[in-house]
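K.L.:
Before we start, here is the structure in question, set down as structure tokens.
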Amino acid sequence: MNNQFTRRHFIQSAAASSAALAWLSARTGPNVFAADAAKPAILGGKPAHTGGWPKWPEWRQEWEAQVLDVLRSGHWCRAGGGGQVPEFEAAWAKLLGAKRALGTASGTTALITSLYVAGVDAGDEVICSPYTFSASYNAILIQKALPVFADTDPETLTMCPKSIESRITERTKAILPVHIYGIPCYMDEINAIAKKHKLAVVEDACQAWLAEYKGRKCGTLGDLGCFSFQNSKHIPSGEGGAVTGMSDELLDRCHSYHNCGRSVGSFKGHGCFARGTNYRMQHFQAVILLQQIEKLVKETAHRQANADYLIAGLNQIGGLVPVRLPENSRAVWHLFPMRYDAAQFNGLSRGKFMQALGKEGVPSSGGYGEQYNDGMLDEAINSTGYKRLWSADRLKAYRESFKDLKGNAQVCSTTVAIGQNMLLADRSAMDQILDAIRKIKAHSATLAKKA
Ligand SMILES: *Cc1c(COP(=O)(O)O)cnc(C)c1O
């Protein structure tokens, strides 16, 4: 009764105040209203948001008993069978609708395992998205293969399918699409190109836990999918990763490779019959992951609802453009990226916009830069091994081709992104983010002139 009254009272007063605002802005006109709007914090106004953002990662006291059980069991390594790692693998596969999952030491080792099993060998080429964490490049380089970059579609931030075919050579073995920030790639188009040219598809789903493409989960759409459970990720265990897929044969080979080349299921031999390494996940990692599956499902829905709300708000404000998703898809937003259009902010630079946003209590980042110019690939192609495997002409043309990544360069210079933990805050915090942007936009002419 009391609540009902308060709620009705609130609705009435909210309606009254918006009527008053409408009357005021009709009387004074929109320009005066803009000048009267609350000042941005960077010009001495009150910050739109105070009190910080949800911390990450989180642990819960009720996990302690299970972690202690692993400790006391002395059964910490998965070799020998049983325990929490296979339990987690079954749960992860079920959650994604994958046939199988294999726990690994990290996302990087999941990628290395998958590329190896996909047949990527020294001297091969892999078509990769340039807009990603450096681990995607490194997983290719570790095979002594060449990461050949497709361009990034500025509207989606993912690999532009139209830019793939012109980069395929007789050495191309695989395509490595990255569902960056949890945004699903255009997988139908990518898979069709792969099929036509007989290439493997390894999905880097290291930021795409539970992301969906046309009703299926990322990580089940190519030949193999790779996940990371590193400390910053949506389901963290300090370090950890997984390979997922729909083929028992491929997953057996991944299992063998990650377990020192031992026989597994359909992949049989005697003694040291196959190459392999040790990329095994520990039961300590798995037990923490098992505790977090329900949490991940709930938090994913929470982030998605807040992201939908921000998208609707941003579309009204203008100047910060949300990404376009493939139809019938759901992103999971490891970062929530927006494309900053300085022209709609009176030429205010992205850097100054982000600085002003920070003063509002809304931290942001510019996302990934043009990392292929940072030296890592120069270091690789100038090494003895790469010079032995490719002609000098090919390596020179390869280095020069980075200049053609125009879409990617645009994305790197215009993205403004907020972190996943901010999407876990309540709805009023989303309003504060939108308020902060509105304030900065209304005062952008003044801010652009400021040194
Ligand atoms: C985190 C991440 C990786 C690597 O995962 P690690 O577990 O840190 O080895 C690979 N690719 C992308 C896109 C990532 O975000």
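Note that the sequence shown covers residues 2 to 452 in this note's numbering. All C-beta atoms in this analysis are idealised placements derived from N, C-alpha and C, irrespective of residue type, glycine included.
Does the distance between the C-beta of Ile181 and the nearest non-hydrogen atom of ligand 1 fall short of 7 Å?
P.N.:
At least one heavy atom of ligand 1 is nearer than 7 Å to the Cβ of Ile181, so yes.
K.L.:
For Asp205, name the three-state secondary structure that DSSP assigns.
P.N.:
Here Asp205 sits in strand by DSSP.
K.L.:
Can you list, in chain order, the residues of its chain whose CB lies under 8 Å from that of Arg400, leaving out five sequence neighbours each side?
P.N.:
If we look at Arg400 and ignore the five residues flanking it on each side, its Cβ neighbours are Leu378, Asp379, Ile382.
K.L.:
Jot down the residue ranges of each uninterrupted beta strand (DSSP E) in the segment 289-367, minimum 3 residues, whole runs only, in chain order.
P.N.:
The segment 289-367 contains these whole beta strand (DSSP E) runs: 321-323, 336-341.
K.L.:
So for Ala36, helix, strand or coil by DSSP?
P.N.:
Here Ala36 scores only 47 on pLDDT, less than 50, and its place in the model is too uncertain to base an answer on.
K.L.:
Taking three-plus beta-carbon pairs below 8 Å as touching, is the segment 117-132 in contact with the segment 358-366?
P.N.:
The segment 117-132 vs the segment 358-366: no contact.
K.L.:
Tell me whether Gln1 counts as near ligand 1, meaning its Cβ is closer than 7 Å to at least one heavy atom of that ligand.
P.N.:
A query on residue 1 cannot be resolved here, the shown segment of the chain reaching from 2 to 452 and no further.
K.L.:
In chain order, which continuous runs of the beta strand (DSSP E) of length 3 or greater are located wholly inside the segment 201-279?
P.N.:
If we require 3 residues or more, the beta strand (DSSP E) runs fully inside the segment 201-279 come out as 201-205, 225-229, 242-246.
K.L.:
Is any non-hydrogen atom of ligand 1 found closer than 7 Å to the C-beta of Cys129, if you look at the structure I gave you?
P.N.:
Because no heavy atom of ligand 1 lies under 7 Å away, the Cβ of Cys129 does not count as near it: no.
K.L.:
Do Asp205 and ligand 1 come close, with the Cβ less than 7 Å from some heavy atom?
P.N.:
Because some heavy atom of ligand 1 lies under 7 Å away, the Cβ of Asp205 counts as near it: yes.
K.L.:
If we ignore side chains and look at the alpha-carbon of each, how far apart do Thr157 and Leu326 end up?
P.N.:
Answer to the nearest angstrom: the Cα atoms are 6 Å apart.
K.L.:
Name the residue from Ala426, Ile318, Glu328, Gly120 whose alpha carbon lies nearest to the alpha carbon of Glu300.
P.N.:
Selected option, being the one with the closest Cα: Ala426.
K.L.:
Taking 7 Å as the cut-off, is the C-beta of Ala151 nearer than that to any heavy atom in ligand 1?
P.N.:
No, Cβ of Ala151 sits at least 7 Å from all heavy atoms of ligand 1.
K.L.:
Excluding the 5 residues flanking Pro48 on each side, which residues of the same chain have their C-beta closer than 7 Å to its C-beta?
P.N.:
The answer, listed in chain order, is Ala42, Lys360, Glu361, Gly362.
K.L.:
Rounded to the nearest angstrom, what separates Gly270 and Ala119 at their Cα positions?
P.N.:
Cα to Cα, the separation comes out at about 19 Å.
K.L.:
What three-state label does DSSP hand Glu65 in the structure shown?
P.N.:
Helix.
K.L.:
Leaving out five residues before and five after Ile184 in sequence, what residues of the same chain have Cβ atoms less than 7 Å from its Cβ?
P.N.:
Here the set comprises Thr157, Leu158, Thr159, Val324, Leu326, Ala332.
K.L.:
Who does Met160 pair with in a DSSP beta bridge?
P.N.:
Partner(s): Thr153.
K.L.:
Counting only beta-carbon separations shorter than 8 Å, does Thr159 have a partner in chain B?
P.N.:
The structure shown contains no chain B; it holds only a single protein chain.
K.L.:
Mind the definition here: the segment 307-315 touches the segment 183-197 only if three or more C-beta pairs lie below 8 Å; say whether that holds.
P.N.:
Because the criterion of three Cβ pairs below 8 Å is not met, the segment 307-315 and the segment 183-197 do not touch.
K.L.:
Ignoring anything shorter than 4 residues, give me the alpha helix (DSSP H) runs that lie fully in the segment 387-420, in order along the chain.
P.N.:
Qualifying alpha helix (DSSP H) stretches, in chain order: 393-401, 407-415.
K.L.:
From this set, Asn307, His76, Trp57, which residue's C-alpha is nearest Gln286's C-alpha?
P.N.:
For Gln286, the nearest C-alpha among the options comes from His76.
K.L.:
Assuming Asn260 and Gly277 are in contact, meaning their beta carbons sit under 8 Å apart, how far apart are those beta carbons, in whole angstroms?
P.N.:
The Cβ separation is near 6 Å, so the contact holds.
K.L.:
CB of Ala136 to nearest heavy atom of ligand 1: below 7 Å?
P.N.:
At least one heavy atom of ligand 1 is nearer than 7 Å to the Cβ of Ala136, so yes.
K.L.:
Check whether the Cβ of Thr415 sits closer than 7 Å to any heavy atom of ligand 1, and report yes or no.
P.N.:
Incorrect: Thr415 has no Cβ contact closer than 7 Å to ligand 1.
K.L.:
Are the segment 288-299 and the segment 73-93 touching by the rule of at least three beta carbon pairs closer than 8 Å?
P.N.:
The segment 288-299 vs the segment 73-93: in contact.
K.L.:
Rounded to whole angstroms, what is the Cα-Cα separation between Leu177 and Tyr214?
P.N.:
If you take the alpha carbons of Leu177 and Tyr214, they lie about 16 Å apart.
K.L.:
In whole angstroms, give me the CA-to-CA distance for Tyr387 and Gly376.
P.N.:
Between Tyr387 and Gly376, the C-alpha separation is close to 15 Å.
K.L.:
Taking the continuous beta strand (DSSP E) assigned at Arg101, which residues delimit it?
P.N.:
That run of the beta strand (DSSP E) goes 101-105.
K.L.:
Near Gln433, which residues of its chain fall below 7 Å by C-beta distance, leaving aside the five closest residues on each side in sequence?
P.N.:
Counting only Cβ-Cβ distances below 7 Å, and skipping sequence neighbours, we find Ala49, His50.
K.L.:
Out of Ser74, Arg101, Gly108, which has the shortest C-alpha to C-alpha gap to Pro237?
P.N.:
Looking at the Cα atoms, Gly108 is the closest of the given residues.
K.L.:
Quick one: using the 10 Å Cβ neighbour count with 16 as the cut-off for buried, is Lys199 buried or exposed?
P.N.:
Burial call: exposed.
K.L.:
By the three-class DSSP mapping on this structure, what secondary structure does Ala446 have?
P.N.:
Here Ala446 sits in helix by DSSP.
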